[in-house]
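Q: Here's a structure for you.
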Amino acid sequence: MQLRHLFFQTLIKCHRTLQSWLGASSVGVRILVINQKNEILLVEHTYVEGWHFPGGGVHRNESMHAAAKRELFEEAGVIATKTLNIFNIYYHDIHGVTDYPILFVTTDFEIDQDAVLSAEIKQAKWFPLTALPSTITESTQNRINEYFYQASVSEQW
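The sequence shown runs contiguously to residue 157 in UniProt numbering.
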């Protein structure tokens, strides 16, 4: 497990460093998935601390919606059954790289019980809004506050 953590952490750092040198920016997707019990889906990665929304980078020649659906399946075994709705587009500077995370929201999905989660995912879990994990990331908590509790919507991720 520790070796996998180190591998993904190193890969991410190398990728971000190269992007920074080239002056590149990136587009990412995050998905707020809400089930019928009003619980939200969060994932814990192997290479970074805390609980996050499922998501990741948009590949070359891939639409944002396609990336969101792909990441949702890869990280949590969730299949979006309808078009995902965009909640907001944010700005984020990470390791000198300008990143534009797009937050999608869905309540229409199926779960593939046989799906094998990406090696970068330690676990995916449903949480009630009243019992979120103490290690949820600040950005994830802020997005929850914006969506569910009408907190002012930020431009910063």
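Glycine residues also receive a C-beta, built at the ideal position from the N, C-alpha and C atoms. Note that this is a predicted model, so its numbers are computed, not measured.
#1: Cα-Cα, which of N88, Y100, T81 and N85 is closest to I111?
#2: Beta-carbon separation of E75 and P54 under 7 angstroms?
#3: Taking the straight line between their C-alpha atoms, what separation do you get for Q150 and I31?
#4: Report yes or no: do three or more beta-carbon pairs, one from the region 86-104 and one from the region 113-133, lie closer than 8 angstroms?
#5: Let me check understanding here. Comparing Cα to Cα, which of T106, H95 and V153 lies closest to H65?
#6: Tell me whether L52 sits in a helix, a strand or coil according to DSSP, three-state version.
#7: Note down, in chain order, each residue of its chain lying with its Cβ closer than 8 angstroms to the Cβ of E155, except the 5 sequence neighbours on either side.
A: This is what the structure gives:
#1: T81
#2: yes
#3: 18 angstroms
#4: no
#5: T106
#6: Correcting the residue type first, residue 52 is His in the shown sequence and not Leu. Strand.
#7: Y90 and Y91
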